[in-house]
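Participant:
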Amino acid sequence: MNLFKSVNVIFVGLFILFVISGCVDSEKSSNMKESAKIKFGILPVIQALPLFVAAEKGYFDDASLKVELISFRSAMEINVALTSGQISGYFGGLITPVILKSNSTPIRIAASFINTVHNQRMFVVLQPPNTERITISEAAEMGIATSSNTVVDYFIYLLLDEIEPGHSSDYKIVETKNISIRLQLLLSGQFAAAVLSEPLATFAELHGAQVIEDDRGMPFSITTLSFTEKFLNESSEPVKNFLKAVKRSIEYINANPDSVRQIMNTNVNVPKELQNSMEIPKFPFSVLPDREQLNNVISWLKLKNIIKTDIRYEDLVVREQ
2 MNLFKSVNVI
12 FVGLFILFVI
22 SGCVDSEKSS
32 NMKESAKIKF
42 GILPVIQALP
52 LFVAAEKGYF
62 DDASLKVELI
72 SFRSAMEINV
82 ALTSGQISGY
92 FGGLITPVIL
102 KSNSTPIRIA
112 ASFINTVHNQ
122 RMFVVLQPPN
132 TERITISEAA
142 EMGIATSSNT
152 VVDYFIYLLL
162 DEIEPGHSSD
172 YKIVETKNIS
182 IRLQLLLSGQ
192 FAAAVLSEPL
202 ATFAELHGAQ
212 VIEDDRGMPF
222 SITTLSFTEK
232 FLNESSEPVK
242 NFLKAVKRSI
252 EYINANPDSV
262 RQIMNTNVNV
272 PKELQNSMEI
282 PKFPFSVLPD
292 REQLNNVISW
302 LKLKNIIKTD
312 IRYEDLVVRE
322 Q
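At the far end of the sequence shown sits residue 322, using our numbering, and the numbering has no gaps.
1) Is it right to say M279 is buried, meaning 16 or more other beta carbons lie within 10 angstroms of its own, or is it exposed?
2) Please list the terminal residues of the continuous beta strand (DSSP E) segment that includes R134.
3) Please state whether the Cβ-Cβ distance between F124 and V196 is less than 8 Å.
4) What span of residues does the beta strand (DSSP E) with K40 cover, start to end?
5) Which residue from S85, V298, R292 and K245 puts its Cα closest to that of G59?
6) Counting C-beta neighbours from all protein chains within 10 Å, is the total for S113 16 or more, i.e. buried, or is it exposed?
7) Please report the Cβ distance between V46 and N277, rounded to the nearest whole angstrom; I am assuming they are in contact, meaning their Cβ atoms lie under 8 Å.
8) Can the beta-carbon of I145 be found less than 8 Å from the beta-carbon of K178?
9) Which residues does DSSP list as the beta-bridge partners of S198?
10) What residue from F228, D62 and I223 has the CA that sits closest to P285's CA?
11) Between the Cα of P282 and the Cα atoms of D291, A256 and E274, which residue gives the shortest distance?
12) With a threshold of 16 other CB atoms inside 10 Å of the CB of S260, please say whether the residue is buried or exposed.
13) Around the C-beta of P166, are 16 or more other C-beta atoms found within 10 angstroms, so that it is buried, or is it exposed?
14) When the Cα of D216 is compared with those of D154, L304 and S85, which residue comes out closest?
15) Thinking just about the alpha-carbon of each residue, which of S181, P51, Q121 and P98 is nearest to the one in N296?
16) Looking at the structure shown, is I307 part of a helix, part of a strand, or coil, going by DSSP?
17) Cβ atoms of L83 and L70: under 8 Å apart, would you say?
Next up, the structure:
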């Protein structure tokens, strides 16, 4: 009888230990899932400043996130890394997610956080120093140095569409994907016109280049934060906390722009001449890009035969926040 009781006690004890162990393992598994490392692709450009600030100020750490910002030299490198599964998400414009989606890459836009509707510019069409002033229509006929099938290509399309609706696709592109080479050749007079982004546009102006048009007031220069559908499905809470940390960073930048100058100079490609004087842009935060803007981008890509398939807004943005 005593032996039976002893065996019974041992059995009950082992059962309780098993249950407790299972709960602990389950909790550990849950925590590991929630703290999944976010490998996020970025470029060393001013639009990515909120991400650099969030990392430097510890906002990702405060949100119990493991975030690795992986810097790439070009958007093409980011696309390769994303499609090969090397990164969980990336920072970029509106064009790339649409193209990736049309190529059956399972990706969704989770947020957008910059545009040019607040009287600040991001893209500028310039002509060389000491040249006779020309209009955007004249520049389009002579040739504009830019990178085709990109946001800057779309920018030129929108500029011309305001002047001559229906003829905005009739312009000559001088293909120059490397923006540093584009800047050098513009300043040396090798192009009739070129598109540069900030801060290189301001740098070009300081060296005599003349502005033809810019994107102020045009709500299209939108930066997006996108993730693979696999990561969104497996790590929805970390993604939400990631976006909250970025929003906190944006609020800090907008309230204390000069305090992030050193972070900008360390992480963003800013010419030395501008590091102490360049105005820190405002970063309006929007949970998702505007439906009409995104649909316009899709229509433009179809017009240029870059994509063939119909893509719905609902299939390109996250389903829930």
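By construction, the Cβ of each residue, glycine as well, lies at the ideal position given by its N, Cα and C atoms.
Facilitator: The answer reads as follows:
1) buried
2) Note, R134: premise wrong, no beta strand (DSSP E); not H, not E.
3) yes
4) I39 to I43
5) K245
6) buried
7) Between N277 and V46 the Cβ distance is about 19 Å, and since that is not below 8 Å, they are no contact.
8) no
9) F124
10) I223
11) A256
12) exposed
13) exposed
14) D154
15) P98
16) coil
17) no
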